[in-house]
Amino acid sequence: MNHALPVSAGAADQSFAPPVITGTSFREAIDILFHSLLDVCRRHEPELEGVLHGDANISEFSPERMARALQVQGIWFQLISIAEQNTAMRRRRHVERTEGRHALRGSFSAVLAEAVRRRIPAREIHTLLKDLRIRPTLTAHPTEGKRVTVLEKFRRIYLLLRELELPRWTERERTGLMADLRDQIELVWMTGELHLEKPSVEQEVAWGLHFFDETLFEMLPEVMVSLEESLREYYPDETFEVPAFFQFGSWIGGDRDGNPFVTAAVTRQTLRRNALASMRRYRDGVTHLGRMLSISERSLPAPASFKAELARQLAASGDARGIARRNPGEVYRQYLTCILRKLEATIARNEGDAITGAPDYSDADELINDLRTLEQGLTDAKCPSLAVDLVRPVRRMVEIFRFSTVRLDIRENTTRTTRALQALWAQGRADEAAPPDVADPAWRDWLLEELARPLTGQRSFQSLPDEARETLETFRLVGEMRAELDREAFGAFVLSMTHSVPDILGVYLLAKEAGLFLDAAGIEICPLPIVPLFETIDDLRAAPQIMRDLLQIPLVRRSTRWQGGVQEVMIGYSDSNKDGGFVSSNWELAKAQAKLTEIGRQAGVPIAFFHGRGGSVSRGGAPTGRAIAAQPPGSIRGRFRITEQGEVVSFKYANRGTAAYQMELLASSVFAHALNSERDPSFAPHPEFDDALEALSGASRAAYVKLVSHPDLVTYFGAASPLDEIALLNIGSRPARRFGARSLSDLRAIPWVFAWSQNRHVITGWYGVGSGLRSFLDVRGESGAALLRRMFSESRLFRLVLDEVEKTLLTVDLAIARDFAGLVEDARIRDEIFSMIEAEYRLTCEMVRRVSGDGAVAERFPQYRARLAERLPVINQVSREQVELLRRFRGETDESRRESFKSALLLSINCIAVGFGATG
Numbered sequence: 010m011n012h013a014l015p016v017s018a019g020a021a022d023q024s025f026a027p028p029v030i031t032g033t034s035f036r037e038a039i040d041i042l043f044h045s046l047l048d049v050c051r052r053h054e055p056e057l058e059g060v061l062h063g064d065a066n067i068s069e070f071s072p073e074r075m076a077r078a079l080q081v082q083g084i085w086f087q088l089i090s091i092a093e094q095n096t097a098m099r100r101r102r103h104v105e106r107t108e109g110r111h112a113l114r115g116s117f118s119a120v121l122a123e124a125v126r127r128r129i130p131a132r133e134i135h136t137l138l139k140d141l142r143i144r145p146t147l148t149a150h151p152t153e154g155k156r157v158t159v160l161e162k163f164r165r166i167y168l169l170l171r172e173l174e175l176p177r178w179t180e181r182e183r184t185g186l187m188a189d190l191r192d193q194i195e196l197v198w199m200t201g202e203l204h205l206e207k208p209s210v211e212q213e214v215a216w217g218l219h220f221f222d223e224t225l226f227e228m229l230p231e232v233m234v235s236l237e238e239s240l241r242e243y244y245p246d247e248t249f250e251v252p253a254f255f256q257f258g259s260w261i262g263g264d265r266d267g268n269p270f271v272t273a274a275v276t277r278q279t280l281r282r283n284a285l286a287s288m289r290r291y292r293d294g295v296t297h298l299g300r301m302l303s304i305s306e307r308s309l310p311a312p313a314s315f316k317a318e319l320a321r322q323l324a325a326s327g328d329a330r331g332i333a334r335r336n337p338g339e340v341y342r343q344y345l346t347c348i349l350r351k352l353e354a355t356i357a358r359n360e361g362d363a364i365t366g367a368p369d370y371s372d373a374d375e376l377i378n379d380l381r382t383l384e385q386g387l388t389d390a391k392c393p394s395l396a397v398d399l400v401r402p403v404r405r406m407v408e409i410f411r412f413s414t415v416r417l418d419i420r421e422n423t424t425r426t427t428r429a430l431q432a433l434w435a436q437g438r439a440d441e442a443a444p445p446d447v448a449d450p451a452w453r454d455w456l457l458e459e460l461a462r463p464l465t466g467q468r469s470f471q472s473l474p475d476e477a478r479e480t481l482e483t484f485r486l487v488g489e490m491r492a493e494l495d496r497e498a499f500g501a502f503v504l505s506m507t508h509s510v511p512d513i514l515g516v517y518l519l520a521k522e523a524g525l526f527l528d529a530a531g532i533e534i535c536p537l538p539i540v541p542l543f544e545t546i547d548d549l550r551a552a553p554q555i556m557r558d559l560l561q562i563p564l565v566r567r568s569t570r571w572q573g574g575v576q577e578v579m580i581g582y583s584d585s586n587k588d589g590g591f592v593s594s595n596w597e598l599a600k601a602q603a604k605l606t607e608i609g610r611q612a613g614v615p616i617a618f619f620h621g622r623g624g625s626v627s628r629g630g631a632p633t634g635r636a637i638a639a640q641p642p643g644s645i646r647g648r649f650r651i652t653e654q655g656e657v658v659s660f661k662y663a664n665r666g667t668a669a670y671q672m673e674l675l676a677s678s679v680f681a682h683a684l685n686s687e688r689d690p691s692f693a694p695h696p697e698f699d700d701a702l703e704a705l706s707g708a709s710r711a712a713y714v715k716l717v718s719h720p721d722l723v724t725y726f727g728a729a730s731p732l733d734e735i736a737l738l739n740i741g742s743r744p745a746r747r748f749g750a751r752s753l754s755d756l757r758a759i760p761w762v763f764a765w766s767q768n769r770h771v772i773t774g775w776y777g778v779g780s781g782l783r784s785f786l787d788v789r790g791e792s793g794a795a796l797l798r799r800m801f802s803e804s805r806l807f808r809l810v811l812d813e814v815e816k817t818l819l820t821v822d823l824a825i826a827r828d829f830a831g832l833v834e835d836a837r838i839r840d841e842i843f844s845m846i847e848a849e850y851r852l853t854c855e856m857v858r859r860v861s862g863d864g865a866v867a868e869r870f871p872q873y874r875a876r877l878a879e880r881l882p883v884i885n886q887v888s889r890e891q892v893e894l895l896r897r898f899r900g901e902t903d904e905s906r907r908e909s910f911k912s913a914l915l916l917s918i919n920c921i922a923v924g925f926g927a928t929g
């Protein structure tokens with residue numbers, strides 16, 4: 010391990026006195042965690058102590074002991090991450106304490122202080138607040154290796170580390186906290202980190218709800234408070250109404266794109282569980298209010314309007330006398346008892362155990378109104394602080410999470426929706442003629458005719474094929490559950506693999522046939538937003554014309570107007586990168602957004618973007634603030650959706666302080682872009698820069714495509730990486746391939762990225778960049794070099810791309826990559842493809858240094874380099890062991906020995922993923 014002890018391990022640890030965690034240093038926290046882990050190691054498997062000190066040769070271990078060693082290394086990476094989060098939180102507090110909150114990057118205060126400096130009028134803030142909509146969306150993509158039980162233990166370790174910051178403890182109390190910390194690490198040590206079986210969708214739902222229960226229910230309302238406080242500070246003469254602009258979406262239990270385990274029944278169950286999670290949290294909040302608001306009417310008479318509402322609630326409860334007798338003279342407690350009983354009845358109804366005759370809540374709005382009445386009653390009674398500090402947070406929580414916790418998206422691909430439409434086309438026809446080809450104008454004509462035809466009754470799906478019936482039942486479920494649970498239980502229908510206008514119109518027709526339209530005839534308005542997802546580079550290029558045509562269709566315009574006046578479009582970072590490489594993907598995404606923004610403006614229907622980003626750089630992962638700042642001017646305007654996947658969710662939302670910061674960072678970055686992107690000269694388009702990026706994109710894509718279209722790349726990739734073995738990790742319910750084929754095109758982007766990062770080639774984050782830069786300089790010479798240096802200083806997009814490329818290059822290790830390449834049996838294939846990768850790597854390192862002017866790759870990121878240096882010695886060791894484990898696992902014929910190698914192999918994959926902090 011890179012954490013070296015100053016003297017012999019035994020002597021050092023016996024005399025170790027846990028330091029007090031103070032200031033902004035990382036070292037005290039990491040020392041405490043290291044010695045705690047060391048103590049646990051000595052207690053259970055002292056022979057592994059050398060692994061922690063970095064002087065053990067684990068290649069000589071038995072497979073069973075090797076697995077334990079890899080688990081120890083994985084735990085250590087998790088503890089490093091906890092120490093880093095703890096340190097980052099302390100540093101943010103230090104900045105706020107010493108310089109003021111406005112000095113904290115990513116805070117509302119910083120954005121609004123700048124707005125005041127720029128003299129942005131309050132009316133623009135009012136307008137932005139009215140339109141502001143931010144929705145990070147949790148996805149079920151299989152990129153999280155940690156089980157919920159392990160997440161809970163790491164959460165407790167973080168909390169204990171925070172307790173050790175406090176100077177108030179006596180030595181005896183600190184010793185007790187240290188013992189608790191060791192106990193939690195010991196429990197992690199003895200808990201299997203890997204899923205023994207592939208998780209079910211139900212388990213994935215539980216994983217997602219874990220973060221709401223632990224942090225998000227409590228901390229998201231705090232983010233609203235932070236904005237309100239900043240508005241009061243910087244615009245003191247204004248009164249702002251802050252809506253519930255920040256909500257969470259989810260694909261977990263709704264994403265059926267290539268996942269046969271997500272059915273209509275599973276989605277129904279998911280919605281119930283999501284609803285119950287929020288209702289139970291509100292019950293806790295209302296119960297707490299009841300304990301707190303012990304106000305006697307003799308001490309503080311209640312306003313007449315509140316007493317009148319209380320009388321109405323008591324009469325409706327059916328137990329007015331009993332409630333009044335339980336809390337005589339305590340009118341606020343009586344009122345809260347009425348709310349609590351209605352909540353209990355609502356929960357019971359959704360658990361399938363309705364309480365006969367008991368009043369309940371038909372929707373979240375009724376509960377919000379009851380809480381508003383309580384809030385107003387306290388304010389009118391001259392207790393405004395109690396209303397704001399106690400009741401408003403609960404009301405805010407209900408406004409944000411409603412009776413759904415998240416807005417669940419339904420996602421499906423065009424292959425499935427087209428087959429369902431073809432089944433409808435054939436249903437009831439006397440002839441057996443095949444439906445028109447989807448590219449035939451006759452297909453579009455049929456869709457438009459069917460959409461214009463009034464419904465005469467509910468269509469029966471019984472005679473349809475099972476797949477088509479399941480698809481249509483899902484749409485029918487949307488209508489049922491919106492009425493039964495919450496009008497905002499669903500977010501949108503996301504259509505993967507959108508290639509044309511008829512693809513989108515077909516989804517409208519499925520919704521119509523399922524009875525989802527607002528009017529009985531099914532010709533006026535579809536209330537469910539239909540969101541096309543453009544993934545490949547060809548699709549991104551086609552998207553502007555598709556959306557131009559779509560937004561001319563009256564049904565689409567009416568539906569969009571009813572839904573809020575904005576058409577959402579999703580853009581895919583992962584598949585566009587897999588399709589064309591890193592530079593080309595980023596440039597095509599930027600161009601598509603700029604063109605689509607203008608098309609929306611021309612059509613009078615603003616287009617908002619849903620960014621399908623992953624955790625790794627290759628899949629769009631980048632620092633939140635900088636990634637948003639690099640979006641085209643005018644492309645956000647206060648509306649922003651983004652996917653949050655796997656380990657990114659754990660990193661951002663596992664701990665409350667970090668969660669609050671990450672949510673405020675996202676919201677404030679969107680706020681800043683909306684306020685500044687169309688007035689700040691630095692955001693203005695530069696035709697010269699655009700021309701250069703077009704050239705760079707074309708040349709880099711050509712180099713990338715030459716590699717990925719190599720006829721033997723699939724053979725090389727399968728052998729020189731743990732691609733097939735990753736599927737054994739059981740980290741998601743969804744298969745790695747959409748349709749089960751063995752082609753590169755059918756392979757999902759996540760395992761594509763995951764496997765290239767494991768074998769230390771990491772081509773998805775840099776390949777082609779060197780060729781693109783060299784081609785540009787070969788053509789343009791010194792003037793081109795000067796232009797690139799200008800772009801490096803002035804172009805947000807180009808700088809972001811180069812920065813992330815350089816960070817990725819630091820994770821590449823050619824020596825280890827060559828070891829992985831040695832797993833390819835055919836020497837010709839091995840040498841030919843590896844030589845291409847090696848040459849491009851060296852060229853890319855040379856070219857990025859030439860543009861940046863730095864002496865070394867990523868020299869300007871000392872913190873990132875230090876963070877990586879803490880991890881790389883162990884990651885490199887594990888990577889080498891993985892090569893040998895792959896060789897033994899693949900070559901072993903004895904099933905029991907093969908199983909022992911498998912366990913160690915999967916732990917090595919998990920360990921490397923945890924070390925780098927990203928999988929796919």
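Quick note: the sequence shown, position 589, residue 598 per the numbering used here, numbers continuous. Note that the Cβ used here is the ideal one computed from N, Cα and C, for glycine as well. Owing to the predicted nature of the structure, the values given are computational and were not obtained by experimental measurement.
Burial is judged here by how many other beta carbons sit within 10 angstroms of a residue's own beta carbon; Gly-864 has fewer than 16 and is exposed.
According to DSSP, residue pairing for Met-800 in a beta bridge does not occur.
Asp-454 counts as exposed, since fewer than 16 other beta carbons sit within 10 angstroms of its beta carbon.
Per DSSP, the unbroken alpha helix (DSSP H) holding Phe-410 starts and ends at 401-410. Annotation: the continuous beta strand (DSSP E) that includes Ala-617 extends over 616-621. Around the CB of Arg-665, 16 or more other CB atoms lie within 10 Å, so the residue is classed as buried. Close CB contacts of Tyr-291 within its chain, under the 8 Å cut and outside five residues either way in sequence, are with Leu-352, Leu-376, Val-403, Met-406 and Val-407 (chain order). For Arg-416, the secondary structure class from DSSP, reduced to helix, strand or coil, is strand.
Here the stretch 299-316 does not lie against the stretch 360-375, with fewer than 3 beta-carbon pairs under 8 Å apart.
In this model, Pro-393 and Ala-274 are separated by some 46 Å (Cα to Cα). Looking at the backbone, the Cα of Glu-237 and that of Ser-116 are separated by about 12 Å. In the three-state DSSP reduction, Ala-320 falls in the helix class (H, G or I). By the Cβ neighbour-count rule, Leu-549 is buried, with 16 or more other Cβ atoms within 10 Å of its own.
Shown here, Asn-595 sits in a helix according to DSSP, grouped into three states. If only uninterrupted alpha helix (DSSP H) runs of at least 4 residues are considered, those enclosed by the stretch 289-336 are 313-326 and 329-335. Cβ-Cβ distances below 7 Å link Pro-641 to Ala-599, Gln-602, Ala-603 and Thr-606 in the same chain, with the five nearest sequence neighbours on each side left out; the list follows chain order. Judged by DSSP secondary structure, Pro-145 falls within the beta strand (DSSP E) whose first and last residues are 142-148.
At the C-beta level, Ala-76 and Ser-766 stay beyond 7 Å of one another. Cβ-Cβ distances below 7 Å link Arg-485 to Ala-523 and Gly-524 in the same chain, with the five nearest sequence neighbours on each side left out; the list follows chain order.
Distance from the CA atom of Ile-608 to the CA atom of Phe-660, rounded to whole angstroms, is 37 Å.
Counting the other Cβ atoms within 10 Å of the Cβ of Val-788 gives fewer than 16, which makes it exposed.
Closest in alpha carbon position to Thr-427, among Leu-518, Asp-721, Gly-531 and Ala-92, is Leu-518. Under DSSP, Asn-422 forms a beta bridge with Ser-505. Assignment of beta-bridge partners to Ile-580 by DSSP yields Phe-543 and His-620. Of the residues assessed, Gly-437 falls on the exposed side of the cut-off, its CB having fewer than 16 other CB atoms within 10 angstroms.
Remark: C-beta atoms of His-219 and Val-157 approach each other more closely than 7 Å. Beyond the five residues adjoining it in sequence on each side, Val-723 comes within less than 6 Å, by CB distance, of Leu-753 in the same chain, given in chain order. Phe-255: not part of any beta strand (DSSP E); DSSP gives it neither H nor E. Taking a cut-off of 8 Å for Cβ pairs, the stretch 276-296 and the stretch 234-252 do not touch, as fewer than three such pairs fall below it.
Between the alpha carbons of Ser-505 and Ile-539 lies a distance of about 11 Å. The residues Ala-38 and Leu-170, in chain order, have a CB closer than 6 Å to that of Asn-95 in the same chain once the five nearest residues on each side in sequence are set aside. Partner residues in a beta bridge of Ile-261, as assigned by DSSP, do not exist. In this structure, Thr-853 places its C-beta atom within 7 Å of the C-beta atom of Trp-775. It is roughly 13 Å from the alpha-carbon of Val-575 to the alpha-carbon of Pro-536. In this chain, Ile-842 is not harboured by any beta strand (DSSP E); it is covered by the alpha helix (DSSP H) spanning 836-861. Secondary structure of Thr-667 (DSSP, three-state): helix.
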